[in-house]
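Novice: Here you go, one structure.
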Amino acid sequence: MGFLIRMAFWFSLVLLALPLNVGSNETGYQSVGPIQALFAAREAVGDIAGICERKPDVCETGKSAMHTITARAKETAKIAAAMLDDKTAEPDTATTTGSVPEDIVLPAKVDLPAKN
6 MGFLIRMAFW
16 FSLVLLALPL
26 NVGSNETGYQ
36 SVGPIQALFA
46 AREAVGDIAG
56 ICERKPDVCE
66 TGKSAMHTIT
76 ARAKETAKIA
86 AAMLDDKTAE
96 PDTATTTGSV
106 PEDIVLPAKV
116 DLPAKN
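Here my numbering is used: the first residue of the sequence shown is 6, the next is one more, and so on.
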């Protein structure tokens, strides 16, 4: 979910940087340039960083969530590594493809009638 939010943010900055003459003719809204958008984004990030002083319980919950996500990612990586390193698994020899079973004996020479 965080990836989608960041992607939407950066995509909106890219759209603001494109030199299009759209949006400046609407009443009640002024056109925003890429530099103004960058400064506004920097101030928004600064405001988000200051949320820990205003609401410390939000930061504690965020830290706990990040710890839980990190622990789950480590455990998942351990499981994946164990699955990749598992040497006890034998290849499936019950099904062979592209070969002839050994019990079938093929003739050495096949005589086909010639077409005229």
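Glycine included, C-beta positions come from ideal geometry on N, C-alpha and C.
Give me the Cα-Cα distance between Cys57 and Val63, rounded to the nearest whole angstrom.
Specialist: 7 Å
Novice: Do Ala42 and Leu9 have their beta-carbon atoms positioned less than 7 Å apart in this structure?
Specialist: Their beta carbons are not under 7 Å apart, which means Leu9 does not touch Ala42 by this criterion.
Novice: Could you tell me the alpha carbon to alpha carbon distance between Lys120 and Lys114, rounded to whole angstroms?
Specialist: 18 Å
Novice: Suppose the cutoff is 6 Å on Cβ atoms and the five residues either side in sequence are ignored; what does the same chain contact list for Asp52 look like?
Specialist: none
Novice: Using the Cα positions of Ala86 and Arg11, report the straight-line distance between them to the nearest angstrom.
Specialist: Between Ala86 and Arg11, the C-alpha separation is close to 30 Å.
Novice: Give the straight-line distance between the Cα atoms of Ser69 and Phe44, rounded to the nearest whole angstrom.
Specialist: 31 Å
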